[in-house]
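Here's the structure we're looking at; comments come further down.
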Amino acid sequence: MVKVEDIKKEAKRILKEGKVKYIIGYKKSTNGLMSVPAFIESPEDVENLIWDPTCVYNLTRFLVDEKRRKAREKNPDERPVGIVVKGCDSRAIIVLLQEKFINRENIYVLGISCETTGVLDEKKLLKKLNGKKAEKVEYDEKDNFIITTLDGKSKVPADEILAERCLECRANFPVINDILFGEKVDRKLDNRFKSLEKIESLSKEKRWGFWKEQLDKCIRCYACRSVCPMCYCDECVVDTINFAVTADTTAEEKAQRIKWVEKSPTTSENFVYHFVRAIHLAGRCIDCGECERVCPMDIPLRFLNKKMEKEAKELFDYDAGFDPDQPSLVSCFKDEDPEDFIR
Amino acid sequence: MKKRTGVFVCHCGINIAGTVDVKKVTEELSKHPGVVHSEDYIYMCSDPGQNLIIDAIKEKNLDKVVVACCSPTLHETTFRNTIKSAGLNTFQCEIANIREQCSWVHKDMEKATEKAIKISKSTVERVLRNESLDPISIPVTRRALVIGGGIAGIQSALDLANSDFEVVLVERSPSIGGHMIQLSETFPTLDCSQCILTPKMVEVSKHPNIKLMTFSEVQEISGYIGNFKVKILKKPTYVDPDKCTLCDECTKVCPVVVPNEFDLGLTGRRAIYIPFPQAIPATYILDINSCPGLLPIACGKCADVCEPNAIDFDMKPEIIEEEVGAIIVASGYDQYDKELMAEYGYGKYPDVLDGLQFERLLSASGPTMGKILRPSDHKEPKEVVFIQCVGSRDPELHCEYCSKICCMYTAKHAMLYKHHVHDGQAYVFYIDIRSGGKGYEEFVQRAVEEDGVLYLRGKVSKVFEDKEKLKVWGIDTLIGKDIEIDADMVVLAMATRPSNGAEELARKLKIALDKDGFLAEAHPKLRPVESVTSGMFLAGAAQAPKDIPEAVAQASGAAAKAISILCQERLYHAPTVANVNINLCTGCGMCVDVCPYDALSLKNGKAEVNEVLCEGCGTCSATCLRAAIQVKNITPLQVHEMINACLGG
Amino acid sequence: MTDEFEPRIVAFLCKWCSSAGSDLAGVSRMEYPSNVLPITVMCSGSVSPLYIFSAFNKGADGVLVSGCHPGDCHYLKGNYYARRRIALVKKLLEFIGLEPQRFQMSWVSAAEGKKYTQVIKDFVKEIKPLGPQTKLRRNQ
Amino acid sequence: MEKILTKKSFSKWVKKLESYKIYAPVKNDDLWNYEIIDIPESIQPDYPNTVLSPKKIIFPQREIFLEFKASNEEGLEVKEILPEERPAIIFGVRPCDARALTLTDNVFKGDFEDPYYWKRRNQTILIGLTCNIPPSFDCFCLSVGGSPHSKDGLDILMTDLEDKYYIESLTKKGNQLINLAKDCFEEPKVMDKKDLEKIQANSEIQIKRQIKDIKKIPKKLKGMFDTPFWDKESLSCIQCGICTYLCPTCHCFDINDEVASSAPLKGKRVRTWDNCQFPDFTMHSSGHNPRPDKASRLRQRILHKFQYFVELYENFQCVGCGRCISKCPVGIDIIEVLDKVRDYGL
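Residue numbers (this note's numbering), protein chains in the order written: chain A, 94 to 436; chain B, 17 to 665; chain C, 166 to 305; chain D, 7 to 352.
The following block contains the structure:
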């Protein structure tokens, strides 16, 4: 079992030694159960770090902010940033390295193995507790979570309230790390695309009905792309019309912007937005499931990305987030790529 | 400034007007935003038609032109030049293809007209957003590289050198001369191959404009037309050619004998040897693979006897970098592999020879000094069977293509055999006789009529040894009978295939191969000496099987093509190339990965286009997730607006 | 003219093969339905998924991407990238329930005028029974 | 007017309201949202917070202003589009959400009365429901001037008394609705009134979260514009639009021309919600962005709600519904931020 004391010890050491400028980790929130991202700058603050099943965030998203901030600074601190990652999050680091968005030497990775479980799904937990508020959720030695409510402690099999992505996790172990916490345990997974089947097995019209209902809910708050570590573009192609990139952007360049998608949250526009996201994440999405977690309208966005992940695997034998040196899914090909769909 | 577009709709006689209501197209287009002038005319490409355009540009102050007519492959250049003469940039004209893609393929006038209107409108939307561009100018390195020192390479090198351009001629074997120097006599004139080739070889070696690099291989090529950078690996010969006096003392002491490549194994040579007497450069070389050891302790006898101290065991491979403006690839051919021809006993029976071996037997300087003798028992063969199309024209088992030269050289072989062995009989098994070429048909007839060569139309099924004879089983399809010949010798006209290593060379040069592995020309009819990569040309049998006159002709053609580049101080390249918006670029490098021309690279974390290399294919633009790269004048915005125009209204 | 539904198909044709192939169909006077609106691009590899989404968004009843056969790309390998990208787009569109017939890809060489007409004929025939594409079409 | 409506009579009453477009909270999967109800029986007044407040009905995320068409010959043709003329009723409005509309009203009147907003606002009747128990863990209406039984902005307030509702009609519009079906209602008894008071008092106690000394905050904020406070507080913000889109008081919008076809040019002019947390929100056409980073955007959100709005309209632009807290993807808690503001520099 991962001991938070070990993480704290290492965090304290690297901060004390000045190895990192700060550490991105998890801390307790002020208002309830879930953790919140923590930005720890001093060894004293290390005490705030926690590790429990509420540490859902993919903190690599904040490396994007870090890069932007650094670009603005006149004399940036060149030391690396410490970052706490789970297996899925570590794959995001791989893709960011692959796309040269970050450099290996700019990060110090504190990798945590999820061992036999993962992180929880807040909505599932709320249901499990019939709307009662949980005060605390902890790992135990086995495959259970220990939940504390006002009524006391209880043990729940982790699988019952585990996030969907964790139930379909392809590697719960950080593929990249400078220091590792926890054991490398292989979770047995019969099919990492299992949940997709229930949509794939629907008839075409039912699938359309499903997606129309889901995407019609979209309010285009863009939380899905905002939380996504792969959506690090300075400007999303979806936004082009509103964006003059810098003061140097000429009128000519501005006139060249295309409105691929309107701001209106109508069926057609929502579809194009989510298509663009899915296709741009094909071969890049590492299934951290954050887009789906943050969606205020509960749109099962993970399915779109998962579908692309499945096709990448099945058609092209491609897995994102394992090899920083491989070319991206759509920037390479094999002679024997399938073409049975082509006339 | 508001855009002022003129639309010109061509009737093309009735070719367009027959199915498209051109008046309606003209009228509809006049309503299109941005269009200030539209008119139709019976033949836009005629002089009066072009004058209409010029006049309209002047009168209406047009700055954009759309001509709705035939396919842009036909008259795009015409009309671009037209608007140029009226003072507009050539890129301000676009063609709406309403003939090939519309009037010629539809019958319903209403529907065809509607489609023609949409095509024209979408073309207006495109031209409205075209940038005025000027061709990209590139300085030229006025030297050439010729790869391959056979007859084609030699001819190209000499043509270039005589036109006063410096040439680097790279040959991977120790001497230039290629396969031609192995030949005895050449069809149809029967002049001696060595006699006509050696003067050219000497000219190469003495030419002040030619830098000859034998025993060398091209290792890496970068750059682009006009400005290639080439890395050449010069392999060590362990003999200093400047010191070697060709005294031949070394071979006398060398203890090693290995098959002689020049004679295709019909003779042997020492580990230190000269490839053949007339080799250029004229020097001995040490074959490291057969030499017992470079260390004096292992053998070193040759060095002991070498008076001028030409032998240098410490010679190291060298990498030589050259800069050139054009490249001619003349990497030649090889014969089809003998392992693949087991049914004819090739490689198993010593008296089954291939065409080149027979050339050596015929050669006055060959292993038998020009006498025809069986390798097995040195007896004169009285019955010789020549088999054509060995490995050629056999799509099931071997090569699909015709090797082209075999009909002629087999006739020559049979004829020369008869000249040597007057009482002998020559048989030729053939599928067809292909003797197109000046004096070729007459030559074949001469073999039949004057030399009594017996031509049998059919294939040989098997060759096997039977009591000192080679039994040849075949069929004569003309009389429909099985034939059995007890031959003393069998000569196989082996298929011609791309030389060993051609594939690797093509990869280094980034030029394509055709389905048979020969180097692919840019266009089979109209650009037969150009490769798909601009600035690289093809000569000789590397591109397809060829005889000597053809190889020489193509070599001169390639040289002329190369000269057409080298004679210019600057080159011009289409300016419709990719363009990076560095504000959007995140430097992920996906465009760099997909670029087929290595035109993209990352510089300071942003993609950068080498405009000279870029061919404007736009694969980068479709790959970029951030829309940070686009090809000029076919930008995503233009396509977006074209989609809109196609579907709107 | 009948009131039969006439689908509007946007066809992205690569300049060197498929557009040339369509020219050949023209030169050979091979007739085919007029439902296709050709947009010639430099290479099938330059067809961004955004073009496809946008065409459907703007009301195309069908979208065709056509390029050179593998190995024949004028730009050596653009069509290989296209093949991969289009496969993904096709899977995505089918996954959300768009009729697969509405989005197709073909290899048409400059010599295949006949094939081009066949591709168009089949395309039109297959999507006519589906009626107008309203799923992804912007409500105008 | 005060009445009693038994739960049995409720659907009877609603049936009488058929001429109105009726909205009510509806549960889809696990989400509650206001939707148009066809079968009036199905209105369930017990529900947790809807994801979006009734703002989405009065001030829809997409509003078509006009349609346009242009060509070389005919010039520009413009057709104005106004919201459909049809009175509407929203059932089950939480008091905080109704209060939010009274705040937003300030913005859409003044020098210019927004015809689209007011058209919808005036033809919509709001029927509220007292929050006997808080609909969210994150409610803090009491701190910002509201309460679980606030009547601000409502036409009718219903309070659930187990087997019946206590009905308080607060406006003429409310009275009209009751008069449409007089026989459904009874007069309240003394006991009912007592029950009501008990429940209302109890409902306040249940609100656990609060911002202490909130009155000090506007003044405090004034001096905090140029402090590093915002950098630190915004570290975990991912700049999505959840907090503002879900906020019942946020009302920023963008107007765009949605071009359906460029040839001939035609399309619609459309108003959509906009969001101060989006990086392009204040992007000038010059390329300059006065709020270039997330710190300045978070600051804007807090300052607008707790300083600028107070200066203009003497009210916080926050009703304490807690949506921004519950749905923030990274757990940013506005109460915590304001607590820190209050204590900043002390």
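We put the CB at the ideal spot given by N, CA and C, even for glycine. Being a predicted model, the structure only gives us computed values, none of them experimental.
For Asn-112 of chain D, no beta strand (DSSP E) encloses it; the enclosing alpha helix (DSSP H) starts and ends at 101 to 114. Contact between Trp-181 of chain C and Ala-247 of chain C is absent: CB atoms are separated by about 13 Å, not below the 8 Å threshold. Cβ-Cβ distances below 6 Å link Ala-220 of chain C to Val-175, Val-228 in the same chain, with the five nearest sequence neighbours on each side left out; the list follows chain order. Residues of chain B whose Cβ lies closer than 8 Å to the Cβ of Ser-77 of chain D are, in chain order, Lys-47, Pro-49.
Closest in C-alpha terms to Ile-285 of chain C, from the list C:Pro-265, C:Leu-295, C:Tyr-197, C:Arg-303, comes C:Tyr-197.
Scanning its chain for C-beta atoms nearer than 6 Å, with the 5 sequence neighbours on each side dropped, one finds around Asn-276 of chain B the residues Thr-283, Gly-284, Arg-285, in chain order. The beta carbon of Tyr-325 of chain A sits closer than 9 Å to some beta carbon of chain B. Residue range 278 to 292 is occupied by the alpha helix (DSSP H) that includes Phe-288 of chain C. At a C-beta separation below 9 Å, Trp-272 of chain C has these neighbours in chain A: Glu-432, Ile-435, Arg-436.
Comparing alpha-carbon positions, the option among B:Glu-481, B:Thr-129, B:Ser-209, B:Gly-551 lying closest to Leu-378 of chain B turns out to be B:Ser-209. The Cβ atoms of Lys-293 of chain C and Leu-263 of chain C do not sit closer than 9 Å to each other. Counting only the Cα atoms, Lys-121 of chain A lies some 39 Å from Leu-202 of chain D. Counting along the chain, the unbroken alpha helix (DSSP H) around Ile-248 of chain D starts and ends at 248 to 252.
Not flagged as an interface residue toward chain C: Gly-382 of chain A, since no C-beta distance is shorter than 9 Å. Listed by position along chain D, the residues whose Cβ is nearer than 7 Å to that of Arg-154 of chain A are Ile-244.
Taking a cut-off of 8 Å on C-beta distances, the segment 242 to 250 of chain A does not touch the segment 176 to 184 of chain A, as fewer than three cross pairs fall below it.
DSSP places Ala-207 of chain D within a helical segment (H, G or I) once states are collapsed to three. Neighbours of Tyr-251 of chain D in chain A, taken as residues at a C-beta separation under 7 Å, are given in chain order as Ile-312, Cys-314.
Shown here, Ala-160 of chain B sits in a strand according to DSSP, grouped into three states.
Proximity of chain C to His-122 of chain B at the Cβ level (cut-off 9 Å) is accounted for by Glu-196, Tyr-197, Pro-198, Ser-199, in chain order. Leaving aside the five residues that flank Leu-68 of chain B on each side, the residues in its chain whose CB is nearer than 6 Å to its CB run, in chain order, Tyr-57. Bridge partners of Val-228 of chain C according to DSSP: C:Val-175, C:Phe-268.
Interface annotation, Ser-515 of chain B: not in contact with chain C, CB-CB separation never under 9 Å. At a cut-off of 9 Å between beta-carbon atoms, Ile-351 of chain A makes contact with chain B. Taking one beta carbon from each stretch, the segment 235 to 253 of chain D and the segment 166 to 178 of chain D have fewer than 3 pairs nearer than 8 Å; the two do not touch. Per DSSP, the unbroken beta strand (DSSP E) holding Cys-85 of chain B starts and ends at 80 to 85.
Chain B places no beta carbon closer than 9 Å to that of His-367 of chain A, leaving this residue out of the contacts. A residue is called buried once 16 or more other Cβ atoms fall within 10 Å of its Cβ, and Cys-211 of chain B, having fewer, is exposed.
Ile-73 of chain B: not part of any beta strand (DSSP E); member of the alpha helix (DSSP H) spanning 63 to 76, first to last residue. The shortest CA-to-CA distance from Met-323 of chain A to any of A:Glu-362, A:Glu-355, A:Ile-379, A:Cys-311 is the one to A:Ile-379.
For Phe-65 of chain D, there are no C-beta contacts with chain A under 9 Å, since the nearest C-beta of that chain is about 13 Å from it. If you look at Val-610 of chain B, you'll find it isn't in any beta strand (DSSP E); it sits in the alpha helix (DSSP H) that goes 606 to 610.
No residue range can be given for Pro-297 of chain C, since it is assigned to no alpha helix (DSSP H) and is classified by DSSP as neither H nor E.
The beta carbon of Cys-601 of chain B lies closer than 6 Å to those of Lys-622, Ala-623, Ala-644 in the same chain, with the five residues before and after it left out. For the options B:Pro-544, B:Ala-518, B:His-91, the alpha carbon positioned closest to that of Gly-573 of chain B is the one of B:Pro-544. Secondary structure at Ala-342 of chain B: strand, using DSSP grouped into helix, strand and coil.
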